[in-house]
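If you read the sequence shown in this note's numbering, its first letter stands for residue 1459, the second for the next number, and so on. We treat Cβ as the ideally placed atom computed from N, Cα and C, and that holds for glycine.
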Amino acid sequence: MDERGLLIVLSGPSGVGKGTVRKAIFSEPDTKFQYSISMTTRKPREGEVDGVDYFFKTREEFEDLIKNNKLLEWAEYVGNYYGTPIDYVESTLQAGKDVFLEIEVQGALQVRDAFPEGLFIFLAPPSLKELKNRIITRGTESEDLILNRMRVAKEEIEMMDAYDYVVENDHVEHACKRINAIVTAEHCKRERVAKRYKKMLEVDF
Ligand SMILES: Nc1nc2c(ncn2[C@@H]2O[C@H](COP(=O)(O)OP(=O)(O)O)[C@@H](O)[C@H]2O)c(=O)[nH]1
Ligand SMILES: Nc1ncnc2c1ncn2[C@@H]1O[C@H](COP(=O)(O)OP(=O)(O)O)[C@@H](O)[C@H]1O
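Listed below in structure tokens is the structure:
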């Protein structure tokens, strides 16, 4: 395979709908992206499955992964560690497949340093009021955690300029369409098709 896959990073504030949009993208039968399952020390929520939603780890196990350079990026977020396994990302890109990461902002900025050629998409809420509503309706957080997440969210929104694209998550299906359109456009921009034609033209006819 002479073409590496594209590293697609979807990020944005907690509660904006990253998980919802990512699941909607991966529920489409023709999605060709490979989802990189993250490691976390957060306790599983009801219905979450180890190795499907996350690889659930103890703090000791996670700290060993950090020490042994097994993570492309990691962040401590609202009291828990989250990180991306580097081997899966590297081998999948090497195989020419696009890898999709859904991660918070600190991690996305680390990936930007390691993979400046990646595609960085910021998912934005229609408003801060709507963001708070979404965190509340999700109902997984206590009052204290909601305030904490809103504080973090404001700082995260300030980082929007570091991304290649901002996608507003007004309606899930619209956000998915925008993301798919961006990836398609990016592939064209990166001249994958043009390179194929150049190769064809090298041959006499
Ligand atoms: N840096 C980083 N963030 C991650 C990773 N996996 C998930 N996250 C982010 O961690 C945050 C908290 O995730 P989670 O506890 O599942 O809650 P929720 O996504 O807000 O419902 C979210 O912003 C996720 O996108 C990862 O591997 N690295
Ligand atoms: N476009 C949308 N419109 C209305 N509610 C949404 C939308 N996208 C997500 N939500 C809701 O917002 C809440 C937070 O979404 P979630 O995917 O958990 O966010 P994140 O992964 O960014 O923390 C959930 O209750 C989800 O159903």
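- Under the DSSP definition of a beta bridge, Met1497 partners with Phe1513 and Gly1541.
- Cβ-Cβ distances below 7 angstroms link Gly1477 to Glu1560 in the same chain, with the five nearest sequence neighbours on each side left out; the list follows chain order.
- Note that the C-beta distance between Leu1529 and Gly1541 is below 8 angstroms.
- For Glu1506, the secondary structure class from DSSP, reduced to helix, strand or coil, is coil.
- The closest CA to that of Gly1509, considering only Ser1494, Leu1523, Glu1521 and Glu1519, is found on Ser1494.
- For Leu1529, the enclosing beta strand (DSSP E) stretches over residues Leu1529 to Tyr1535.
- Segment contact: the segment 1583–1597 against the segment 1605–1614, three or more CB-CB distances shorter than 8 angstroms; contact assigned.
- In this structure, Ile1561 has its CB closer than 7 angstroms to one or more heavy atoms of ligand 1.
- Tyr1655 is classed as exposed because its beta carbon has fewer than 16 other beta carbons within 10 Å across all chains shown.
- The straight-line gap separating the alpha-carbon atoms of Pro1543 and Glu1660 is approximately 39 angstroms.
- Not one heavy atom of ligand 1 sits closer than 7 angstroms to the Cβ of Lys1647.
- Taken in chain order, the whole beta strand (DSSP E) runs of length 3 or more contained in the segment 1581–1640 are 1623–1626.
- Three or more Cβ pairs closer than 8 angstroms define a contact, and the segment 1482–1500 falls short of that threshold against the segment 1586–1602.
- Note: Ile1579 is bridge-paired with Leu1468 and Tyr1623 in the DSSP secondary-structure output.
- For the pair Glu1601 and Arg1607, the CB atoms are not nearer than the 8 angstroms cut-off.
- Assignment of Glu1486 by DSSP, reduced to helix, strand and coil, places it in the coil class.
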